[in-house]
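48 is the number of the first residue of the sequence shown in the working numbering; add one for each residue after it.
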Amino acid sequence: MAHESAVHEALKKHFGHSKFKSDLQEKAVKCAVKKKQDVYVSMPTGSGKSLCFQLPGLMSENQITIVFSPLLALIKDQIDHLTKLKVPADSLNSKMSTKERDRVIMDLKAVRTNLKFLYITPEQAATKFFQDLLHTLHKHKKLAYFAVDEAHCVSQWGHDFRPDYLKLGELRSKYSDVIWLTLTATASREVKEDIYKQLRLHQPVAQFSTPSFRKNLFYDIVYKNSIEDDFQHLADFARHCLGNPKEFKDTPKPQRGCGIVYCRTRDQVERMAIGVTKQGIGAVAYHAGLKTGERTEVQEAWMRGDQPIICATNSFGMGVDKPSVRFVIHWDVPQNVAAYYQESGRAGRDGLQSYCRLYYGREDVRSIRFLLQNDAHRARGRGDKELLTERAIKQFEKITEFCERTTCRHKLFSDFFGDPLPDCNGQCDVCKRPKKAEKALEMFHRLCMDDAFKSHISLQDCADLYEDIFDRDYYPSRSGYRDLRT
Numbered sequence: 048m049a050h051e052s053a054v055h056e057a058l059k060k061h062f063g064h065s066k067f068k069s070d071l072q073e074k075a076v077k078c079a080v081k082k083k084q085d086v087y088v089s090m091p092t093g094s095g096k097s098l099c100f101q102l103p104g105l106m107s108e109n110q111i112t113i114v115f116s117p118l119l120a121l122i123k124d125q126i127d128h129l130t131k132l133k134v135p136a137d138s139l140n141s142k143m144s145t146k147e148r149d150r151v152i153m154d155l156k157a158v159r160t161n162l163k164f165l166y167i168t169p170e171q172a173a174t175k176f177f178q179d180l181l182h183t184l185h186k187h188k189k190l191a192y193f194a195v196d197e198a199h200c201v202s203q204w205g206h207d208f209r210p211d212y213l214k215l216g217e218l219r220s221k222y223s224d225v226i227w228l229t230l231t232a233t234a235s236r237e238v239k240e241d242i243y244k245q246l247r248l249h250q251p252v253a254q255f256s257t258p259s260f261r262k263n264l265f266y267d268i269v270y271k272n273s274i275e276d277d278f279q280h281l282a283d284f285a286r287h288c289l290g291n292p293k294e295f296k297d298t299p300k301p302q303r304g305c306g307i308v309y310c311r312t313r314d315q316v317e318r319m320a321i322g323v324t325k326q327g328i329g330a331v332a333y334h335a336g337l338k339t340g341e342r343t344e345v346q347e348a349w350m351r352g353d354q355p356i357i358c359a360t361n362s363f364g365m366g367v368d369k370p371s372v373r374f375v376i377h378w379d380v381p382q383n384v385a386a387y388y389q390e391s392g393r394a395g396r397d398g399l400q401s402y403c404r405l406y407y408g409r410e411d412v413r414s415i416r417f418l419l420q421n422d423a424h425r426a427r428g429r430g431d432k433e434l435l436t437e438r439a440i441k442q443f444e445k446i447t448e449f450c451e452r453t454t455c456r457h458k459l460f461s462d463f464f465g466d467p468l469p470d471c472n473g474q475c476d477v478c479k480r481p482k483k484a485e486k487a488l489e490m491f492h493r494l495c496m497d498d499a500f501k502s503h504i505s506l507q508d509c510a511d512l513y514e515d516i517f518d519r520d521y522y523p524s525r526s527g528y529r530d531l532r533t
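Structure, rendered in structure tokens:
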């Protein structure tokens, strides 16, 4: 039991926690600390995956954990977090100056290294320089673990596939004694098996997985052809989710409720941010068209609570740790279930009631389908590329079928991850008010097909379909709500 007490002492010492977030997290950490098996961890966003490699790494004396992570922004966030905890962590990347790189390398080559975690992108890991560095660290028995964050990027069947991740498997044959810790929030059974294969994990792999169901997230779908003013409808929803205006203003900015609106294109992002701001709720735009410094400032302004809403393309969010996200809106149809789960799962990390809304329209579907079919046409006869594009189309069709059916919204995720159907307990529009959901879908279909029907229906009739979803059981009151622009 000395081993178990040491784990709890380290948890308290380094992270200030008297207990683990869950039994599963505790079991994963204790397994990793033993260094007997490769470990696979699949937990929903916000459930404490990072600690599953950080704590074992801290308990490995005079050794360093190499963390493979897909994005420099994600690496920066993790290093900043560890630095606040006074944990020595750093990176080697192309953005660093020669002086910064030399400082890190000197520390790594010291007899007693100060660093506990070295974050690296898979692209950087493939360089000869890094390979030589790894060889030196291994020779002097300084490698504690190889940790793979966002491990679904390893699999070509994953929604964020990164080809450079495939090269990581070569490290297994070179350093077969080093334990691998793999972590993800969005891996289907097929993707999990591919992760094992590509990284050449030693069997049996120690698996620690939780069901995908998030009991504090309410999912619903609104059909775009049933609303009159896009920006007003979205802003009204945001007001409901953000709660009492006085409480909002009295809460310190970084802890205030906030939201994310995902749009497919940069132009939509810009229009949405302007349109929502005109409705009285401050919103900022984030997309790849902004300079790096501008993107950083936009993200930090939202993180600080200067503006409650960030409108973004799906390039935003991986690794962003903001517990008080009260809602995530998808203004366009997500391209696959895994991306939808990961993006919507950024809501409610603090465990409080939060909301995930998808605005669905046939025009969006046609646009995305056209692009996917073009990709498929160009990939014909190109082996794996052809398979991937065909698969992308099938995954997109799953989303559209889901949007045009009245089944529990959480079923989409339980089917995808191979989980039993959860007890939704009214945490989606279909289970909460099935008749309303059926009527909304019926009206959507008729508005899509029947011009004569359109002339006999008022916009108020459409509005009535969604009005009473905002009741006190699921949404905060918006009485007295005024202006959330700063």
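Glycine included, each C-beta is placed from N, C-alpha and C at the ideal position. Keep in mind it's a predicted model, so treat the numbers as computed, not measured.
Give me the residue from the options with the minimum Cα distance to residue i.
{"i": "residue 368", "options": "241, 392, 248", "result": "392"}
{"i": "residue 277", "options": "304, 253, 324, 363", "result": "324"}
{"i": "residue 385", "options": "441, 420, 253", "result": "441"}
{"i": "residue 492", "options": "476, 375, 451, 341", "result": "451"}
{"i": "residue 335", "options": "361, 245, 349, 356", "result": "361"}
{"i": "residue 71", "options": "257, 167, 234, 319", "result": "257"}
{"i": "residue 7", "options": "107, 397, 136, 387", "result": "The shown model of the chain, from 48 to 533, leaves out residue 7, and the question about it has no answer."}
{"i": "residue 315", "options": "379, 371, 287", "result": "379"}
{"i": "residue 286", "options": "129, 374, 210", "result": "374"}
{"i": "residue 400", "options": "149, 329, 263", "result": "263"}
{"i": "residue 322", "options": "281, 165, 298, 345", "result": "281"}
{"i": "residue 102", "options": "85, 77, 90, 422", "result": "77"}
{"i": "residue 211", "options": "85, 109, 167", "result": "167"}
{"i": "residue 110", "options": "90, 165, 153, 303", "result": "165"}
Identify whether residue i lies in helix, strand or coil by the three-state DSSP scheme.
{"i": "residue 235", "result": "coil"}
{"i": "residue 284", "result": "helix"}
{"i": "residue 295", "result": "helix"}
{"i": "residue 274", "result": "coil"}
{"i": "residue 160", "result": "coil"}
{"i": "residue 306", "result": "strand"}
{"i": "residue 182", "result": "helix"}
{"i": "residue 502", "result": "Annotation note: pLDDT 48 at residue 502 (below 50); position unreliable, no value reported."}
{"i": "residue 65", "result": "coil"}
{"i": "residue 267", "result": "strand"}
{"i": "residue 478", "result": "helix"}
{"i": "residue 525", "result": "For residue 525, the pLDDT reaches just 38, beneath the cut-off of 50, and the residue's location in the model is therefore unreliable, although a value from the coordinates is still provided. Coil at residue 525, not helix or strand."}
{"i": "residue 330", "result": "strand"}
{"i": "residue 102", "result": "helix"}
{"i": "residue 367", "result": "coil"}
{"i": "residue 423", "result": "helix"}
{"i": "residue 88", "result": "strand"}
{"i": "residue 468", "result": "coil"}
{"i": "residue 248", "result": "coil"}
So residue i is in the alpha helix (DSSP H); what residue range does that whole segment cover?
{"i": "residue 388", "result": "384-391"}
{"i": "residue 62", "result": "49-62"}
{"i": "residue 316", "result": "313-325"}
{"i": "residue 72", "result": "70-81"}
{"i": "residue 345", "result": "339-351"}
{"i": "residue 459", "result": "458-464"}
{"i": "residue 491", "result": "481-496"}
{"i": "residue 219", "result": "217-221"}
{"i": "residue 377", "result": "It is not in any alpha helix (DSSP H) - residue 377 instead sits in the beta strand (DSSP E) that spans 372-377."}
{"i": "residue 130", "result": "119-131"}
{"i": "residue 172", "result": "169-172"}
Mind checking which residues open and close the beta strand (DSSP E) that includes residue i?
{"i": "residue 95", "result": "No beta strand (DSSP E) holds residue 95; DSSP gives it neither H nor E."}
{"i": "residue 138", "result": "136-138"}
{"i": "residue 190", "result": "190-195"}
{"i": "residue 588", "result": "This structure cannot settle anything about residue 588, because the visible part of the chain is limited to 48 through 533."}
{"i": "residue 401", "result": "401-407"}
{"i": "residue 114", "result": "111-115"}
If you draw a straight line from the C-alpha of residue i to the C-alpha of residue j, how long is it?
{"i": "residue 265", "j": "residue 292", "result": "21 Å"}
{"i": "residue 529", "j": "residue 327", "result": "Note that residue 529 has pLDDT 39, beneath the 50 cutoff, so the model's placement of it is unreliable and the number below is only indicative. Each residue's Cα considered, the two are about 8 Å apart."}
{"i": "residue 468", "j": "residue 52", "result": "37 Å"}
{"i": "residue 188", "j": "residue 289", "result": "51 Å"}
{"i": "residue 124", "j": "residue 92", "result": "15 Å"}
{"i": "residue 377", "j": "residue 81", "result": "42 Å"}
{"i": "residue 243", "j": "residue 461", "result": "22 Å"}
{"i": "residue 313", "j": "residue 95", "result": "32 Å"}
{"i": "residue 394", "j": "residue 261", "result": "10 Å"}
{"i": "residue 484", "j": "residue 63", "result": "46 Å"}
{"i": "residue 445", "j": "residue 383", "result": "8 Å"}
{"i": "residue 198", "j": "residue 234", "result": "8 Å"}
Taking residue i and residue j to be in contact with their CB atoms under 8 Å, please state how far apart those CB atoms are, rounded to whole angstroms.
{"i": "residue 208", "j": "residue 172", "result": "With a Cβ gap of about 16 Å, residue 208 and residue 172 do not count as contacting."}
{"i": "residue 88", "j": "residue 230", "result": "5 Å"}
{"i": "residue 202", "j": "residue 250", "result": "So it is not a contact: roughly 17 Å between Cβ atoms."}
Closer than 7 Å, CB to CB, is residue i near chain C or not?
{"i": "residue 188", "result": "Of the protein chains in this structure there is only one, and it is not chain C."}
Any heavy atom of the ligand SAM closer than 6 Å to the beta-carbon of residue i?
{"i": "residue 95", "result": "Annotation note on the ligand SAM: not contained in the displayed structure, which lists no ligands."}
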